[in-house]
């Protein structure tokens, strides 16, 4: 689009004015004005949305939060910065190598080393929080936390340096009932149904089942078992053949028939009972029995809660890479978006906060990676186009009618609807176009006739219908039309 | 309270078990286990709430957000880290000296200097955002932003290193109508009414009025005027006498009678008209006339919007310390909490983003300091005691009745209420006590008789009433009782 001459002239005049102003002011604000224009930009690897996407993202976070609260989870927020000593108690992890250090100007000027880092997940802050406040919390402690986390990742598709996690965990003291292993998928079922993302599958497994199966195969070294589990976790990405090869390689050293037998057993098809039968067919170990029993109990309790059978899948090939899971593990996939992989994962751990307290704090929880989920869904059009929070646009027909427009907007707002007065007097067509482009569903018109009669015209931008009503009935009609629209 | 012997023994056994586990695992996780217990704690100067406070704080943020959306403001969130080059374009400010630097492990290992800093307000990110995305935004651009900001302050009461700001701004291109100066207080009026904080006063002034008054007194040097305004801004804290002295000191150099006349004129009492008359009584300047006119127009428009007269106060002694305000300025005080000072301040600025773009972007906006406001209100008991998000506790009477309890909880949730199943089978008195202590208003009891009859007993923990109803009518009754409770 060619730039109109008027605009070019305006820009020249503006720069010239600005230059004069700057010259006149040089003494006072030298450092400010000599720096010139800095290109406005953000660091790579972060999500920053335009308002029409932010509206949808915010609605998504609200839905998740509402769903977590539906099950009585309590909100927690923790500071973005933690002491490095607290944050990095477990060395050697990949995530710990990606930490962002933080330091105040004062500390830096004194030549100190950074003492602070940004949280890289919500689990470490939870452990610190529960250990710190344990005497003031009620157990079992059910908390949700929805905040951004930070990782100095290499920038690549689907990997962010700043992203939202939406976590729930249930922590108890000393022992934690299997009840809660069953409740987590019930919360997820409610959450993903509320998000309206189409059909989804919650995959369930139990690490005792996998370790017990290895015991049954005579592979009972704990370190070797851990390596096997990590390899199984890559089955989706690497495929059967590559995993069999790794399992038989020098590091892990499984016999080929053991590796193949293992993979065959954990990839059974059919009902939950059939899948479990395939796993344990003709083999046995103490831990395997424990895993089978726990998993069956959990699945049975989930069904008691009323979760639809076809959304729950016992999947013994789910291993979860993280070593601290000790029992039930979860993954969730969206049937219409297989490419997204698991959008919500987690499991049970025997001790949340050994690094901060002697208290034994077993827990179970999951995390929804909201940023990645949003991007994946949004690419397929999820959430619709909604450029606005406004439900009712009040038009401005003339300077004289402005007080009337303001009063009508106030009435609509007091009735609980979001209203905006068009920013200036303009042709009605222009104001209608603004509503249309912004996605505002309703427009109110108060012209001279309406002002004289104490009425207003309400126009439905979707159906094109319009109706003239007394001003005091306007909000009720607007609400009816908005409800009708939602119902479509 | 003495520690029971049982607990002491449990701790000893646990430590011993834990020591064995650690010894067995030493090879694999040496660095993890040799570090021992790290004391769980956060940096000083940050707010971290227990759940019963976080529930109330979250409700406060929701109310503010809902109120901003009521006026059609669009949500924006920006990354916590900005490039230092972008963040620190204005050098010399106090806030800039308090910036937190951030750096990834990778960048640090390469011996680089930090390139990133944490945002210290929401205005700089807004300026960067609007400049960066200006071709994709619709103007006038109405945005709200509610995020945490970071300042390396010395730790003292009421000063935080991490705190929430809740901002609204309206930005236009080239010119911005005075309409919007009038709309901001209307939004504040709605917001503070919604927050239910008692009576409040929105103070309005116009910097042109103050500068114009100085012109009329023959004090027309812009730098001198700025120093005078900064001094007037301290009137509340330092008092009349100290300010007169500073104004007459060597740096500013006003004659004593000018200083006194100035302070007398800007502290008039009475109606808006009377206050403005006191300011301009017998003196005149071009800028003073402009200031008077703008302020009158804004006040008149605010009243058109239906804002109660007694909440709006023309207060010519409001100067705002920040130099970039160029017209209307706002402060808000809570009548019952004078010690909190202004809990929401802002004003009009002629150009938002000169450091990032040649576009002229005038705007007007305010910021609610939510963290400080919350602390101040909470100390006086605001928000009540609510340790829970749960509305309905479903009791567990026996193992056999557990499936029934789960189904009832699911029913209640599907009807849109927040429900928790008591975590285990226990005496009814204990379960009641849990509900009472947690602030859960309703309890559902399904015993053997009820299960046989398909009924449930709903107990109101506030009134003590209880009623037996068929299970399918339970949610409706619960909802009625909750609405009745809100109405109290």
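Residue numbers (the working numbering), protein chains in the order written: chain Z, 1 to 488; chain X, 1001 to 1488.
For each residue, glycine too, the CB sits at the ideal point set by N, CA and C.
Item, Value
"Is the segment 340-347 of chain Z in contact with the segment 82-102 of chain Z, if contact means three or more CB pairs nearer than 8 Å?", "no"
"If you reduce the DSSP assignment to three classes, tell me which class residue 1273/X lands in.", "helix"
"Counting only C-beta atoms, is residue 1097/X closer than 8 Å to chain Z at any point?", "yes"
"In the DSSP assignment, find the unbroken alpha helix (DSSP H) run with residue 1206/X in it and report its ends.", "Note, residue 1206/X: premise wrong, no alpha helix (DSSP H); beta strand (DSSP E) at 1200-1206."
"Entirely within the segment 107-162 of chain Z and at least 4 residues each: give me those alpha helix (DSSP H) ranges in chain order.", "123-133"
"Between the segment 1072-1080 of chain X and the segment 1137-1147 of chain X, do at least 3 Cβ pairs fall closer than 8 Å?", "yes"
"Ignore the nearest five residues each way along the sequence and tell me which others in residue 420/Z's own chain have a CB closer than 6 Å to its CB.", "390 and 393"
"If you follow the beta strand (DSSP E) that residue 397/Z is part of, which residue opens it and which one closes it?", "Premise fails: residue 397/Z is in no beta strand (DSSP E) and is neither H nor E."
"Per the DSSP calculation, residue 83/Z is bridged to which residue(s)?", "116/Z"
"If you draw a straight line from the C-alpha of residue 1316/X to the C-alpha of residue 1201/X, how long is it?", "14 Å"
"Check whether the Cβ of residue 61/Z lies closer than 8 Å to any Cβ atom in chain X.", "no"
"Starting from the C-beta of residue 1026/X, find all residues in its chain whose C-beta is less than 6 Å away, skip the five residues before and the five after it, and write them out in chain order.", "Summary for residue 1026/X: the model assigns pLDDT 32, below 50, so the residue's position carries little reliability, and this model does not support an answer."
"Would a check of beta-carbon distances place residue 23/Z closer than 8 Å to chain X?", "Annotation note: pLDDT 34 at residue 23/Z (below 50); position unreliable, coordinate value reported separately. For residue 23/Z, the answer is no, since every Cβ of chain X falls outside 8 Å of its Cβ."
"Measuring only between beta-carbons, confirm whether residue 1445/X sits less than 8 Å from chain Z.", "no"
"So, for residue 1292/X: in the same chain, excluding its five sequence neighbours on each side, which residues have a beta-carbon less than 7 Å away from its beta-carbon?", "1209, 1276 and 1280"
"What separation, rounded to the nearest whole angstrom, lies between the Cα atoms of residue 1350/X and residue 1388/X?", "46 Å"
"Thinking C-beta only, is residue 367/Z closer than 8 Å to residue 172/Z?", "no"
"Mind pulling the chain X residues with CB within less than 8 Å of residue 73/Z?", "1389"
"When you compare the CB of residue 432/Z with every CB in chain X, is at least one pair closer than 8 Å?", "no"
"Any beta-carbon of chain X closer than 8 Å to the one on residue 479/Z?", "no"
"Taking only three categories from DSSP, how would you classify residue 217/Z?", "coil"
"Look at residue 336/Z and residue 198/Z and say whether their C-beta atoms are less than 8 Å apart.", "yes"
"Would a C-beta distance cut-off of 8 Å place residue 81/Z and residue 374/Z closer than the cut-off?", "no"
"Using three-state DSSP, classify residue 459/Z as helix, strand or coil.", "strand"
"I want to verify the contact list: residues of chain Z whose CB lies under 7 Å from the CB of residue 1305/X, in sequence order.", "406 and 410"
"Suppose you measure from the CA of residue 1542/X to the CA of residue 1445/X; what does that come to, to the nearest Å?", "One cannot answer for residue 1542/X here, as it falls past the ends of chain X, which runs 1001 to 1488."
"Say whether chain Z places a C-beta atom closer than 8 Å to the C-beta of residue 1120/X.", "no"
"What residues in the segment 37-68 of chain Z bring their beta carbon closer than 7 Å to a beta carbon of chain X?", "37, 38, 40, 41, 42, 43, 46, 48, 50, 51, 54, 55 and 58"
"Since residue 366/Z is in the beta strand (DSSP E), which residue starts that stretch and which ends it?", "363-368"
"Listed in chain order, which residues of the segment 1189-1209 of chain X have Cβ atoms closer than 9 Å to some Cβ of chain Z?", "1190"
"The ligand FAD and residue 357/Z: does any heavy atom of the ligand fall closer than 7 Å to the residue's C-beta?", "The model depicted lacks the ligand FAD and carries no ligand whatsoever."
"According to the Cβ coordinates, are residue 103/Z and residue 1100/X closer than 8 Å?", "yes"
"Given a threshold of 16 other Cβ atoms within 10 Å of its Cβ, counted over all protein chains shown, does residue 1429/X qualify as buried or as exposed?", "exposed"
"When you compare the CB of residue 253/Z with every CB in chain X, is at least one pair closer than 8 Å?", "no"
"Anyone know if the C-beta pair for residue 176/Z and residue 329/Z falls short of 8 Å?", "no"
"List the residues of chain X whose Cβ lies closer than 7 Å to the Cβ of residue 116/Z, in chain order.", "1043"
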